[in-house]
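Chains as they are written, first to last, in the working numbering: chain A, 848 to 1148; chain B, 663 to 1054; chain C, -11 to 201; chain D, 8 to 187.
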Amino acid sequence: MSFDWIKIPQALLTVFVVFNFGLLLNALIAKIAARVGRRQGIPIWQNYVDLIKNIGQRSLITHGVHFYLGPVFRLTGGVGLLLFVPTIYGSEMFSNLSFAGDLILALYFVFFGTLGMALGAAESGHPYSAIGVSRGLSQVTAAELPFALAVFAVALQYQTLSVTDIVAAQQGGILHWTLFTNPLAVAAAMLSFLGSMMRPPFDVVLAPQEIPIGPPTEYHSSYLALLQTNRAIFPIAKIVIYMNLFFGGAASWPVFALKVFLIYMVSVFVGVVFPRFRVEQSIRWFLIWAVPLGVLAILWV
Amino acid sequence: MGLFTPDRSQYPAEKVDGSLDIDLSSGKYLKLWQGPQHPGITGNMSVELTVCGDEVVEGKTHVGYLHRGFEKLMERRSFIQCFPIVCRICVPEPDFNEYCYAAVVEELAGLEVPELAHWIRNLILEMGRINSYMMYLGGQAGALGMGVIGQWTTYARDLMLDRFEELTGARIYHMFILPGGVRDRLPEGFAGRMEETLRELEDIMVDVEQTMFRNAVFKRRTVGMGVIDPDWLEPYGITGPNARAAGVPRDVRKDFPYLVYPQLDFEPVTGQDSDIYTRADVRRRDVLLSVDLIRQILARMPRGGEVMTRLPNVLHWKIDPGETYIRGECSRGEYGYYLVTDGSGYPRRVNVRGPSYTHAMALLERMIVNVNIADVAALMVSLHTYPPEIER
Amino acid sequence: MKEELQKRVVKGPDGVEFEVEPLRDYYCEALPQVERPAYAQIIEDLFNWARSESIWILGFGTGCGAIEMRPLMTPRFDAYRYGIQWRPTPRQANLFVISGYLSVKTLKRVIRSYEQMQNPKYVVGLGSCTINGGMYFDSYNTIKRLDQYLPVDLYITGCMPRPEALLAGFLDLKKLIRAGKADGANHYAENFAWYKANQKQVIQDWDMPDYNW
Amino acid sequence: MQTNLLDIHARLQALLPVGELQTQRADLAFLDVPPSLLRATLLQLRDREGFTHLVLLTAVDWIEQEQFQLTYLVCNRSARLDLGLRVRIPREPASMESIHELWPTAATYQRELREMFGIDFPGSPRLDEDFILEGWTATPPYRRDFDTLKYAEETYAERPGRVTYDPAAHMQQQLYPGER
Chain A
848 MSFDWIKIPQ ALLTVFVVFN FGLLLNALIA KIAARVGRRQ GIPIWQNYVD
898 LIKNIGQRSL ITHGVHFYLG PVFRLTGGVG LLLFVPTIYG SEMFSNLSFA
948 GDLILALYFV FFGTLGMALG AAESGHPYSA IGVSRGLSQV TAAELPFALA
998 VFAVALQYQT LSVTDIVAAQ QGGILHWTLF TNPLAVAAAM LSFLGSMMRP
1048 PFDVVLAPQE IPIGPPTEYH SSYLALLQTN RAIFPIAKIV IYMNLFFGGA
1098 ASWPVFALKV FLIYMVSVFV GVVFPRFRVE QSIRWFLIWA VPLGVLAILW
1148 V
Chain B
663 MGLFTPDRSQ YPAEKVDGSL DIDLSSGKYL KLWQGPQHPG ITGNMSVELT
713 VCGDEVVEGK THVGYLHRGF EKLMERRSFI QCFPIVCRIC VPEPDFNEYC
763 YAAVVEELAG LEVPELAHWI RNLILEMGRI NSYMMYLGGQ AGALGMGVIG
813 QWTTYARDLM LDRFEELTGA RIYHMFILPG GVRDRLPEGF AGRMEETLRE
863 LEDIMVDVEQ TMFRNAVFKR RTVGMGVIDP DWLEPYGITG PNARAAGVPR
913 DVRKDFPYLV YPQLDFEPVT GQDSDIYTRA DVRRRDVLLS VDLIRQILAR
963 MPRGGEVMTR LPNVLHWKID PGETYIRGEC SRGEYGYYLV TDGSGYPRRV
1013 NVRGPSYTHA MALLERMIVN VNIADVAALM VSLHTYPPEI ER
Chain C
-11 MKEELQKRVV KGPDGVEFEV EPLRDYYCEA LPQVERPAYA QIIEDLFNWA
39 RSESIWILGF GTGCGAIEMR PLMTPRFDAY RYGIQWRPTP RQANLFVISG
89 YLSVKTLKRV IRSYEQMQNP KYVVGLGSCT INGGMYFDSY NTIKRLDQYL
139 PVDLYITGCM PRPEALLAGF LDLKKLIRAG KADGANHYAE NFAWYKANQK
189 QVIQDWDMPD YNW
Chain D
8 MQTNLLDIHA RLQALLPVGE LQTQRADLAF LDVPPSLLRA TLLQLRDREG
58 FTHLVLLTAV DWIEQEQFQL TYLVCNRSAR LDLGLRVRIP REPASMESIH
108 ELWPTAATYQ RELREMFGID FPGSPRLDED FILEGWTATP PYRRDFDTLK
158 YAEETYAERP GRVTYDPAAH MQQQLYPGER
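If you want it as structure tokens, here you go:
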């Protein structure tokens, strides 16, 4: 099997574009949330400044080897997710390193970051980190279940494990999207999406009022900068998967930006006005509402 | 609620003196400090939690981080010198200190306060009550992760602070109610601007009700949580909204009327269920009651008259021996001053009785047992305690 | 020394016995290091600009001034516009706002939180009580000069300072940071012995190691 | 019929040799009680007379008479009456019976009195833990013989330039300069 080496710089270019897009989008979302609170909100470039500042902090404290691995794994989760999924459909340049079975790999990468944080947070020795990570792992597990079910439903529906093929099958009009051909799977997946975006009502993992601020309590300076980078890339990468699987993918960057923004807004709309669930309440919520939808979606196919 | 049953079988045994036998080195329990450097704490205090899994086994309140020794400082200040420092005892609602101190000195010194000053004092106390409740509502929502309510209510509080600024010239520490009366009359056109503020406030309260009190997740987190048994009211000395949410109409404004409350038309707000939700709801309705009271006060207030009685030379002001206690209903419960004089120019002893004293110490330590870590912040905020008045 | 800080042998949940020495295990006794600007001037300028535009305040309301911090973050004053925001953990915060009087008990916690913050870090003293004791000049429980115990970059006067004064103070702090003059952390490390001596003089119950980040 | 404080006092005096009633207001009076009778009086007031609410428990230092006065203020919410019980105990050694079984919240007050006045309440829970102060070794601060200004000047560094005036002398200087 021949490998096209030009694909690597091309994929890195995608990462770069998505990184910038993510930073700006996060600031925009923060501004929108601020408008709900009648504030003006942060400047749109604030995330860049924060990032530079955190890199520029002088002291670095380590708590051991695994402490380094936390942010690194987390960032690997985000970047890896993005690298193996085609970002722009039909574009040779931005289809990244996608291959025939990339859907399974993507599912794995979604979970990867949280596991990495578990390593790092446990090593940091802070009780709040430990509590936050145990909450995070249990909640992510519950939230991933409906998503995995929805992905199986979609894979069964299109009889393929390649994201590119799934996108291809959805071309040719809005009614070909999975959103309309398999609404149950989309519903299950969107509920799971709410749970994995770290916004209320499912942000008990980070809850500053109880366990400030959960897993990253001890992370600072460059470690925090890595986590911030991931915070820009990971939601976008995750939305890219959703977009590809359920909303017909994107054929160009403007369409990509619009669709990502709209999907992101779903979680923001829900998040702004809700308090957060306790972790066992959110798990129960996923099991009662999202998982049956996922099972039905598989049966539907 | 299934998972968190109050099954005490796997809990630590009690020792002879009633404390729990917790062996930290067994690895079964974890000691967590919530505070003082912690966003989920009401002010500068801390709760030492011993948790087993996700559940709190034992909680101990630690205060003293804000202790300035007011009661000692007042013993070496003359009666008029005490007046500017008393408001600093309780930061979010300072006016009650001013009122209680003024009233307690007036009673022992035998001063008569002009009628208009009573009305203005009452107006200020109700305005301060709204401010305090606004802080509470934001904090209660914030403790459950709903930051937007805090934005709205703090905005409403700023509106009310504007009126304070217009009336007294200061935002937080007003130093307006002094022994013998108040410093000044209402400014020209104050009632109209107050009415505008009240309307805006009511709009915000409608928003708050819609997003907070009708929110399914908020209900899920608060209904049935942190119940105060009505039997606890007497042993723990619970007053104010915490008692009213348990269905007991205990309100100093009604029971021991002071200022012009006898002339105002109101009924204490009560609730039934005594959980976090009810306590929040009682306070929300109390805000609306205060809005109503402010309207009544502004409408019925005498149009003219003196606001200050003639004081003796304050630099050589001596008060005959005596002791008394004055109470008022602040936003958290019964607020009182106990003053002992010995015939000199200085108070012999001042004791400030803040409602947080009992709520945050004995009551919180009892209620916090068996609660999920995630609910500790919400429970603590729902008791509405302000640390500065615990330790003074 | 408190009982829980003493050296002892502990039996773990798996039955293995091991020795615990809390002062050594739970705290780090390495002294703070002076960390000078390490890069070329142009990069340091960029960093200083970023530091000044992204001020993260530690969420620790030490005194009554904390009540004006909430309006600062809400619609009327909205300090987020200037890149100012809260961080709940000292590891990620740059600015410690000492909001008013400090009782001795709080001072101990403040020192600990301050030492956990990362270099460069700044301290702003709020209100007259941090400057000369203010209203509490004769109190037996509050300190009178904050700069004896922590390196202070800026004082904001008032009792208590209004949010407008706070905003103006933060803008002044930005100028200091941008000029590279806000170097309190290094000053603290250089004069560590002097600061510790002052701190130990007022804190009677000194049961922690000298440096505990 | 509305109960009033005089009736209650008369009923109380029939049972226990308590002191005279000193009426401050229609709804507030103070009563001297010997230390040994305090518990019985409180029980009688709480269980028979409806004074179920312990408003405050505090101490006054009468250093001239070498005595502490403990004030137990109890309140009858339904009859709207307050009664303050004044108990005089010797200053050295200061010790008083604990009432934390009657009102659990009294334990907090007793902890504060222990720390601030040095009054001992044997049996009260967590009495010797630090409550407000931490590692305090000097005289308990609320005692009259503790000079807070002197302590503050000795302990805490002062910023040079701060001046304190005596208000009376200062105003005299301002208003009538030249006069001594």
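Cβ coordinates follow ideal geometry from the N, Cα and C atoms, glycine included.
Are residue i and residue j closer than 7 Å when you measure CB to CB?
i: C:Ala81; j: C:Met105; result: yes
i: B:Ser952; j: B:Ala908; result: no
i: C:Gly53; j: C:Gly121; result: no
i: B:Thr1003; j: B:Pro983; result: yes
i: B:Asp716; j: B:Ile1035; result: yes
i: B:Gln802; j: B:Ala942; result: yes
i: A:Arg921; j: A:Gly963; result: yes
i: B:Leu1001; j: B:Val1014; result: no
i: C:Glu23; j: A:Arg905; result: yes
i: B:Thr986; j: B:Glu760; result: no
i: A:Leu1092; j: A:Ile1013; result: yes
i: B:Thr932; j: B:Gly995; result: no
i: B:Ser708; j: B:Pro701; result: no
i: B:Leu692; j: A:Pro974; result: yes
i: D:Asp68; j: D:Arg18; result: no
i: D:Leu23; j: D:Leu49; result: no
i: D:Tyr158; j: C:Tyr128; result: yes
i: C:Ser101; j: A:Lys900; result: no
i: B:Pro1049; j: B:Leu735; result: no
So which residues of chain B does residue i contact, with C-beta pairs closer than 8 Å?
i: D:Val62; result: Gly899, Tyr987, Arg989, Glu996, Gly998 and Arg1015
i: A:Arg885; result: Gln813, Trp814 and Tyr817
What residues in its chain sit with their C-beta under 8 Å from that of residue i, if we drop five residues either side in the sequence?
i: A:His913; result: Leu966, Gly967, Ala969 and Glu970
i: A:Met1045; result: Val1052 and Leu1053
Give me the chain B residues within the contact set of residue i, using Cβ-Cβ distance strictly less than 9 Å, ordered along the chain.
i: D:Glu141; result: Gly726
i: A:Arg882; result: Neighbours of A:Arg882 on chain B: none; closest Cβ ~10 Å, over 9 Å.
Which chain C residues are close to residue i, counting only those with a beta carbon under 7 Å from its beta carbon?
i: B:Thr816; result: Arg58, Pro59 and Thr62
i: B:Pro930; result: None at all; the shortest Cβ gap to chain C is about 27 Å.
Output, in chain order, the set of chain D residues within a Cβ distance shorter than 9 Å of residue i.
i: C:Val190; result: Thr162, Tyr163 and Ala164
i: C:Asn186; result: Ala164
In its own chain, which residues sit with a C-beta less than 6 Å from the C-beta of residue i, not counting the 5 before and 5 after it?
i: D:Arg169; result: none
i: C:Thr118; result: Ile86 and Leu134
i: C:Tyr89; result: Gly51, Cys117, Tyr124 and Thr130
i: A:Leu952; result: Phe931
For residue i, which residues in chain B fall below 7 Å Cβ to Cβ?
i: D:Val67; result: Val1002, Arg1010 and Arg1011
Enumerate in chain order the residues of its own chain whose CB-to-CB distance from residue i is below 7 Å, with the five nearest sequence positions on each side excluded.
i: B:Val885; result: Asp937 and Tyr939
i: B:Gly664; result: No answer about B:Gly664 holds up, because its pLDDT of 35 lies below 50 and its placement is not dependable.
i: A:Asp949; result: Phe931, Val932, Ser1009 and Val1010
i: A:Ile1130; result: Ser985, Gln986 and Ala989
Run down chain C in chain order and give the residues with a C-beta less than 9 Å from the C-beta of residue i.
i: B:Arg833; result: Glu56, Pro59, Met148, Arg150 and Pro151
i: B:Ile747; result: Met123 and Tyr124
Short of 8 Å Cβ to Cβ, which residues in the segment 113 to 144 of chain C face chain D? Ile119, Asn120, Gly121, Phe125, Asp126, Ser127, Tyr128, Asn129, Thr130, Ile131, Lys132, Arg133 and Gln136
Which ranges does the beta strand (DSSP E) cover as unbroken runs of at least 3 residues, wholly within the segment 93 to 181 of chain C, from first to last along the chain? 110 to 114 and 142 to 144
Taking any Cβ of chain B, which residues in the segment 1050 to 1065 of chain A have a Cβ under 8 Å from it, in chain order? Asp1050, Val1051, Ala1054, Pro1055, Gln1056, Glu1057, Ile1058 and Pro1059
Using a Cβ-Cβ cut-off of less than 8 Å, give me the residues of the segment 783 to 805 of chain B that come near chain A, in sequence order. Ala803, Gly804 and Ala805
Along the segment 81 to 101 of chain C, what residues have a CB closer than 8 Å to any CB found in chain B? Tyr89, Ser91, Lys93, Thr94, Arg97 and Ser101
Any alpha helix (DSSP H) of 4 or more consecutive residues that is wholly inside the segment 948 to 987 of chain A: 949 to 971
Taking a Cβ distance cut-off of 8 Å, strictly less, list which residues of the segment 728 to 743 of chain B are near chain C, in chain order. Leu728, His729, Arg730, Gly731, Lys734, Leu735 and Arg738
Chain-ordered residues of the segment 876 to 907 of chain B with a beta carbon less than 7 Å from chain A: Asn877, Val879, Phe880, Arg882 and Arg883
Any residues in the segment 702 to 722 of chain B with a beta carbon nearer than 8 Å to a beta carbon of chain C? Which ones, in chain order? Gly705 and Asn706
Ignoring anything shorter than 3 residues or poking outside the segment 710 to 746 of chain B, list the beta strand (DSSP E) runs there in chain order. 717 to 724
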